[in-house]
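Numbering (my numbering), first residue to last: 15 to 182.
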């Protein structure tokens, strides 16, 4: 396995729609998934989409609550209900920044797992947020594009200082 280079905001690979994964059992796809999981862990992330590592394919990995890493290939996500939640998001492709983003609170997802087996399920809370954030990368969308109020975008350190009441 290897640590892959993470594309940063401004790189064209992050702004295009990714291509479907064909042949999910292909050894190159399996290696990419393993390398993405290692890269995500090394960078301290909780999710990573293939375009973020310069692979314009419709797949992402994320850390699951029970431990370990899951992959979703050719994902389709749909909101369940009207409820939305706002929370602070960061991104390995936008290091050092955080933004307040509103997203559907619950989703249904479909796609293929790392073995190429069809999967479907529902997610809520942080898992739903991470899955939506990563799926956005597959459509060339970065979280600041989802923000309703850019005054809620800032450097992580400054936001932490402000939250502690020590803004300088």
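Where a beta carbon is used, it is the ideal one built from N, C-alpha and C, also for glycine.
Keep in mind that this is a model prediction, so the values were computed, not measured.
Environment of residue i [buried if 16+ CB atoms lie within 10 Å]
i	result
residue 151	buried
residue 78	exposed
residue 80	exposed
residue 134	exposed
residue 169	exposed
residue 148	buried
residue 17	exposed
residue 145	buried
Helix, strand or coil at residue i according to DSSP, with G and I counted as helix
i	result
residue 21	coil
residue 57	helix
residue 63	strand
residue 31	coil
residue 77	strand
Nearest residue (CA-CA) to residue i, options the options
i	options	result
residue 172	112, 143, 55, 154	112
residue 31	72, 110, 24	72
residue 61	68, 69, 50, 70	50
residue 54	156, 99, 20	20
residue 104	132, 166, 87	166
residue 128	43, 145, 52	43
residue 156	91, 88, 132, 106	106
residue 69	90, 47, 52, 76	47
residue 139	153, 161, 99, 160	99
For residue j and residue i, believed in contact at Cβ under 8 Å, the rounded distance
i	j	result
residue 137	residue 115	Not quite, the Cβ-Cβ distance comes to about 16 Å (not below 8 Å), so this is no contact.
Within-8 Å CB hit, residue i to chain C
i	result
residue 111	In the structure shown, chain C cannot be found, because there is only a single protein chain.
Go through the segment 85-160 residue by residue and report every complete run of the alpha helix (DSSP H) that reaches 4 residues or more, in order. 139-152
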